[in-house]
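Everything on this sheet refers to the single structure shown next.
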Amino acid sequence: EQFYSRQFQDREDGLVRLRNFLKGHEIETQPNANNSNSENTAGPNKVARSAAFLLHRSVRDAVYSVFNQATETVRVLFLEYVPGRVSQSEVARCVDRLLPELLAKSGDPSARIHTLAQHTILSIASCPEVQEQHLVAPALSRTVSSGTHPRLALSRMQMLEQLVLSQGISTDKHSGLTCRALSECGCSGIHHPAEPVRKVAERILLLVYKVNPRLVRKQLPPDDDITRRNLLYRQLFTEFDKLDLERKAEMLEANKYAGGHSSSDPQSPPSNRSAVDHLQLGGGGGGASGSSDSRASPYSFGCKSPDSQSSPMRRSETRILKSKSGQTLAQAGNPGGSNGYLTSGKDIAKCNGKQQYNEQLKRSMISASSSRKNSNSNSELFEEAADVIRCPFCDWSSQNGDQAQLDRHYWKSCPFLTKCPQCSQVLEVAALNYHLT
């Protein structure tokens, strides 16, 4: 009678009495003793079925205090009463009755209601009997359509992420937490119109990518230049590249450690050491030098290893200008430099957007332009004095010049370079149109 009363205080009292009964407390004496005895002598399966029937009505209550008491009673039912007492079939019946209503409440406009509903669903999922039968995760890992309400889709994605973090990725195909199910759900979530839903879906894909990178990449479009024009895929592939670099670094460190202990030589094998050094040059050294030099002048500076066949002038000059791709153009080497053309590894991973895509294109331009310049002017450069500076774009040269004079030439008088009107970046004239798109 209290559950069907019009007064919400009576409904709250009924939920409190039901919760105390499930906890094993004594029920207050009722005028009808036969009903009380029949409740006490009922089996656990009948008690769970009756409680689920009453809670199904209370969970849909519009009064927040009643809904709060109902969710607390649901947690007591699954966390304290069900384990070790109720059969699996009855547990599945109770979940099938209560879970749809809680999922609907998880998309409620009120923050406290949908947060409480999420907490209740996660509590049900942590029940051992529910976890063994995989009753909650498959309902959360279904694909999200673009027409799903943003709050409901966000709640489902957040609960699925919490399940992955708490229970891990399973190999059981019926669990709903397999790599394939999670990747399909994440791929559907990144196409949702709401940005918060896309962010959570990206985090789910990153969690799956740590376990099965190949499966995640199969679910996504190919990683090429056209795909990276999309900001969503560009950011996602950038995070994938970071995870790949971390995985390679861990593998190299593990091989280095294993090789050092297996061999009698205390030093590690040269191949592993050279690979680690190459990775560190690409990820750490290039980023440090690029960041420090970028603070010193409007455009970036970098170092290139000296070439035995290049002229003294090229070994004395080091100038790198940003071109259309965001990658730096090296005009000459630095005697003290030891890094490569600048960024690779983690530096490339730090660049998001068009800049990262453009850097990959610029490497080929650097190698082609530098080889052409070296082949055409290598014989002439050996005859010039070491203090002559030269522009690699227009062949402008100056006797007894310094780097400041070369900077002024780049910014003001070089006919092959121009400044972007939007970002004030020095570019090649031929690359300006692509840079602005």
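By the UniProt record's numbering, the letter at position 353 of the sequence shown is numbered 353, and the numbering carries on one by one without gaps. Where a beta carbon is used, it is the ideal one built from N, C-alpha and C, also for glycine.
Linking I124 to V136 through their CA atoms gives a straight-line distance of about 8 Å. The Cβ atoms of A194 and A153 lie closer than 8 Å to each other. Every beta strand (DSSP E) stretch that sits fully inside the UniProt domain "Centrosomal protein CEP104 Zn finger" (391-436) and reaches 3 residues is listed by chain position as 417-419 and 426-428.
Taken atom to atom, the span from the alpha-carbon of F67 to that of L207 is near 34 Å. Rounded to the nearest whole angstrom, the C-alpha separation of W396 and L427 is 17 Å.
Classified as buried, I121 has 16 or more neighbouring CB atoms from the shown chains inside 10 Å of its CB. Residue environment for I190: buried (at least 16 other C-beta atoms within 10 angstroms of its C-beta).
Taking 4 residues as the minimum length, the alpha helix (DSSP H) runs contained wholly in the stretch 209-244 are 213-219 and 225-228, in order along the chain. The alpha helix (DSSP H) runs lying completely inside the stretch 155-195 and spanning 4 residues or more are 179-189, given in chain order. Excluding residues up to 5 positions away in sequence, Q219 lie with their Cβ nearer than 6 Å to the Cβ of C187 in the same chain. With contacts defined as CB atoms closer than 8 Å, L98 and A139 fail to qualify as a contacting pair. In this structure, V197 lies away from P128, with their beta-carbon atoms at least 8 Å apart. Distance from the CA of A117 to the CA of S106, rounded to the nearest whole angstrom, comes to 5 Å. The beta-bridge partner set that DSSP reports for I389 consists of S398. Taking C-beta atoms as the reference points, I169 and L177 count as a pair closer than 8 Å. With a contact defined as Cβ atoms closer than 8 Å, A48 and Y81 qualify at about 7 Å.
Sequence-distant partners of Y233 (beyond 5 residues in either direction) whose C-beta falls short of 6 Å from its own C-beta, in its chain, are T227.
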